[in-house]
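Residue numbering for the sequence shown is 20 to 133, as defined by the numbering used here.
Cβ atoms here follow ideal geometry from the backbone N, Cα and C, with glycine treated the same way.
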Amino acid sequence: MSQSLYCDQLMKLDEPVIDTNKALPQAEMLGIIEEQTLELQKLKAEVSALGDQVAKPNVLMLKSQVHSAAEQAIKVFEQQVLDTARMVQADATASKRVISWGHLKSSLTPQEMT
């Protein structure tokens with residue numbers, strides 16, 4: 020598909036087309052630019068309105084009880100993970116102490132030390 024044909028398909032039927040083969044009067048070119056500027060402003064306003072519509076449900080969701088319950092569940096889970104990590108670390112430290120007893124003389128046992 021040629022570039023020209025593709026561009027033509029994207030343009031609206033009522034949209035003014037500037038023919039580069041002939042010179043347009045400056046006033047006509049300014050008129051086209053003003054029309055396009057107004058169209059852009061209209062599109063920006065529509066996009067902004069859509070953004071507002073999307074933001075409202077997000078705010079409601081963040082304020083909902085379900086969201087609060089989910090946040091609380093996540094906090095509890097995170098605390099459980101931290102507690103488990105501490106226990107694993109404590110077990111690892113304790114196992115290193117037990118292993119260190121193996122490096123002492125074989126005639127001396129941990130029970131004899133106490």
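Identify whether residue i lies in helix, strand or coil by the three-state DSSP scheme.
i          : result
residue 76 : helix
residue 42 : coil
residue 83 : coil
Using only the heavy atoms of the ligand ATP, determine whether one of them is closer than 8 Å to the beta carbon of residue i.
i          : result
residue 49 : Looking at this structure, you won't find the ligand ATP or any other ligand, since it has none at all.
Beta-carbon separation of residue i and residue j under 9 Å?
i          : j          : result
residue 62 : residue 51 : no
Taking 9 Å as the CB-CB cut-off, is residue i touching chain B?
i          : result
residue 85 : Absent here is chain B; the protein component of the structure consists of one chain.
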